[in-house]
Amino acid sequence: MTFLLSDIAASIPAFDVHAARQARERQDRLTKPQGSLGQLEALSIQLAGITGNPLPRTDRPGIFVFAADHGVAARGVSAYPAEVTAQMVLNYARGGAVINVLAKQIGAELTVADVGVSSALPDDLIIHHRKVRLGTADWTEGPAMTREEALRAIQIGAEIFEASGADLAVIGEMGIGNTTTAAALSAALTGLAPAELIGRGTGVDDAGLARKLAAIETGLARLPKTSDPLEILSAIGGLEIAAMAGVALAAARRRVPVLLDGFISTTAGLLAAAIAPAAREYLLASHRSPEPGHTLLLRRLELTPLLDLGMRLGEGSGAALAVPLIQSALAVLRDVATFEQAGVSDRE
Ligand SMILES: O=C(O)c1ccc[n+]([C@@H]2O[C@H](COP(=O)([O-])O)[C@@H](O)[C@H]2O)c1
Ligand SMILES: Cc1cc2nc[nH]c2cc1C
1 MTFLLSDIAA
11 SIPAFDVHAA
21 RQARERQDRL
31 TKPQGSLGQL
41 EALSIQLAGI
51 TGNPLPRTDR
61 PGIFVFAADH
71 GVAARGVSAY
81 PAEVTAQMVL
91 NYARGGAVIN
101 VLAKQIGAEL
111 TVADVGVSSA
121 LPDDLIIHHR
131 KVRLGTADWT
141 EGPAMTREEA
151 LRAIQIGAEI
161 FEASGADLAV
171 IGEMGIGNTT
181 TAAALSAALT
191 GLAPAELIGR
201 GTGVDDAGLA
211 RKLAAIETGL
221 ARLPKTSDPL
231 EILSAIGGLE
241 IAAMAGVALA
251 AARRRVPVLL
261 DGFISTTAGL
271 LAAAIAPAAR
281 EYLLASHRSP
291 EPGHTLLLRR
301 LELTPLLDLG
311 MRLGEGSGAA
321 LAVPLIQSAL
331 AVLRDVATFE
341 QAGVSDRE
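Numbering-wise, the numbering used here puts 341 at position 341 of the sequence shown, and it's gapless, one number per residue.
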């Protein structure tokens with residue numbers, strides 16, 4: 001099967017304004033003051049437009065966590081050593097990480113894929129073994145990966161989503177150093193200033209923050225002059241960001257909502273929307289991470305997060321918490337009685 005990004009981009013359906021209008025009309029007839037459920041009302045209407053169903057449901061949420069390493073981690077840009085990426089994949093496989101617990105709590109299926117961890121992982125580990133390469137190259141010195149590798153990582157994300165049957169796609173990640181990559185990639189895609197996009201990630205000190213900025217400035221200086229998202233992605237990385245964008249594109253094609261997690265996950269949403277502008281309508285923001293770049297990207301994508309809990313873990317954790325909120329918003333739209341049905345007097 002040949003995998004063409006242009007085909008995917010062209011096959012994403014438009015937001016269904018008719019289904020959204022029907023959902024809006026129903027929301028306004030439910031036995032509550034109009035607008036009293038705040039953001040949950042807009043959310044249910046948006047889900048109707050995304051799915052093309054005026055009474056949508058998300059009974060099979062899938063959490064897709066992609067792991068990969070970043071050559072740039074060698075520049076001292078993270079508070080943790082690079083081997084934590086591989087160690088955390090083992091933790092996911094054994095069920096011991098935060099996202100394992102939260103996935104179980106909300107009854108979501110968790111899929112973990114190695115798309116570029118830099119060490120060999122045991123074959124008997126129950127994860128998707130889809131390594132594109134052993135981590136990205138340090139993009140301050142040369143391209144993170146080839147164009148073919150970037151495309152392959154997007155394709156893997158799309159394939160993993162397609163095989164899942166999920167009706168809501170959470171995209172999460174694990175990759176030491178990836179807040180630096182996400183900031184560089186976001187800067188290259190949006191023109192936003194690196195100094196405004198960087199944050200402390202896993203908890204770097206001021207010197208670490210200065211190293212992040214220096215790395216990004218070096219990386220951007222050697223970026224070819226291009227607005228082609230795939231070119232930018234292959235120059236900067238990362239593999240897990242590419243795979244998350246692949247999930248987002250494939251989900252949008254099937255009218256499945258994409259629930260973003262934190263800064264890195266939202267960078268993947270930004271990338272998907274750069275590849276296929278129609279994909280933007282399918283993105284939902286679950287929470288706001290304290291990474292400064294996250295707020296800027298949410299604004300750029302015109303997304304309002306549901307939660308603001310100071311969470312900065314990644315791995316889909318903030319998004320997992322928002323899944324029950326989405327399901328509650330949809331249950332209300334489907335099952336609350338209308339004024340007419342309940343014999344309650346409507347507003348004058
Ligand atoms: O989701 C976020 O906003 C977020 C913010 C800070 C850190 N993280 C996680 O921490 C790792 C990246 O942090 P760092 O400091 O190594 O660049 C990576 O595994 C992410 O999942 C995630
Ligand atoms: C322990 C640990 C767990 C993580 N999960 C996602 N990013 C992470 C980064 C670290 C360091």
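Idealized CB from N, CA, C, for every residue including glycine.
Nothing here was measured: the structure is a model prediction, and the numbers come from that model.
Outcome for residue i when other beta-carbon atoms lying within 10 angstroms are tallied against a minimum of 16
| i | result |
| --- | --- |
| L270 | buried |
| T146 | exposed |
| L284 | buried |
| K212 | buried |
| P277 | exposed |
| T304 | exposed |
| A251 | buried |
| A120 | exposed |
| L309 | exposed |
| A228 | Checking the displayed sequence, the identity of residue 228 turns out to be Asp instead of Ala. Under this definition D228 is an exposed residue. |
| V204 | buried |
| L168 | buried |
| V17 | exposed |
| G38 | exposed |
| L259 | buried |
| L4 | exposed |
| S36 | exposed |
| P194 | buried |
| G293 | buried |
| I50 | buried |
| N246 | Asn is not the amino acid found at residue 246; the sequence shown has Gly there. Flag for G246 reads buried. |
| E109 | exposed |
| M1 | Bear in mind that the predicted position of M1 carries a pLDDT of just 44, short of 50, making it unreliable; the figure below should be weighed with that in mind. Classification of M1: exposed, given that the 10 Å Cβ count is below 16. |
Cβ of residue i within 9 Å of any chain D Cβ
| i | result |
| --- | --- |
| A276 | The structure shown has no chain D; it contains just one protein chain. |
Nearest to residue i (by Cα), restricted to the options the options
| i | options | result |
| --- | --- | --- |
| E240 | Q39, T58 and H129 | H129 |
| K131 | R288, K212, F3 and I156 | I156 |
| G172 | L4, E162 and R312 | R312 |
| R300 | A322, P13 and A273 | A273 |
| G62 | S345, D335, A319 and R347 | A319 |
| V355 | D206, G314, V258 and L307 | In the structure displayed, the chain extends from 1 to 348; residue 355 sits before or after that span and is not available. |
| I236 | N178, F15 and P56 | N178 |
| T395 | V117, F263 and S317 | What is shown of the chain runs 1 to 348, which leaves residue 395 out entirely. |
| S289 | Y282, E281 and T267 | T267 |
| T181 | L168, R57 and A214 | A214 |
| A23 | L40, L197 and A169 | L40 |
| R347 | L5, V17 and L30 | L30 |
| D69 | Q105, S36 and S118 | S118 |
| L233 | L43, P56 and R152 | R152 |
| D7 | A242, A79 and A158 | A158 |
| R255 | A188, N53 and V84 | N53 |
| V323 | S36, E291, H287 and I154 | H287 |
| T202 | A331, A329 and V84 | V84 |
| A86 | I99, A329, V115 and R60 | V115 |
| G199 | G208, A163 and I99 | G208 |
| L220 | I126, D138, V170 and A42 | D138 |
| L330 | A14, A20, L55 and P13 | L55 |
| Q327 | I106, Q27 and A82 | I106 |
DSSP state of residue i mapped onto helix, strand, coil
| i | result |
| --- | --- |
| E149 | helix |
| A193 | coil |
| L233 | helix |
| A285 | strand |
| V17 | helix |
| L301 | coil |
| L249 | helix |
| L239 | helix |
| E141 | coil |
| E348 | coil |
| M1 | Note that M1 has pLDDT 44, beneath the 50 cutoff, so the model's placement of it is unreliable and no number is given. |
| D228 | coil |
| G35 | coil |
| T181 | helix |
| V84 | helix |
| E188 | Here the sequence assigns Ala to residue 188, which means Glu is not the residue at that position. Helix, per DSSP. |
| I154 | helix |
| A210 | helix |
| D7 | helix |
| G293 | helix |
| E269 | Looking at the sequence shown, residue 269 is not Glu but Gly. G269 falls in the helix class under three-state DSSP. |
| G165 | coil |
Opposing strand residues paired with residue i [DSSP bridges]
| i | result |
| --- | --- |
| V256 | DSSP output for V256 lists no bridge partner at all. |
| A274 | Partner(s): none; A274 has no beta bridge. |
| G172 | V65 |
| L307 | H287 |
| L30 | T338 |
Every unbroken beta strand (DSSP E) inside the stretch 95-136 [3 residues or more] | 109-116
Which runs of the beta strand (DSSP E) fall wholly inside the stretch 39-81 and span at least 3 residues, in chain order?
-> 61-68
Any alpha helix (DSSP H) of 4 or more consecutive residues that is wholly inside the stretch 310-346 = 317-335 and 339-342
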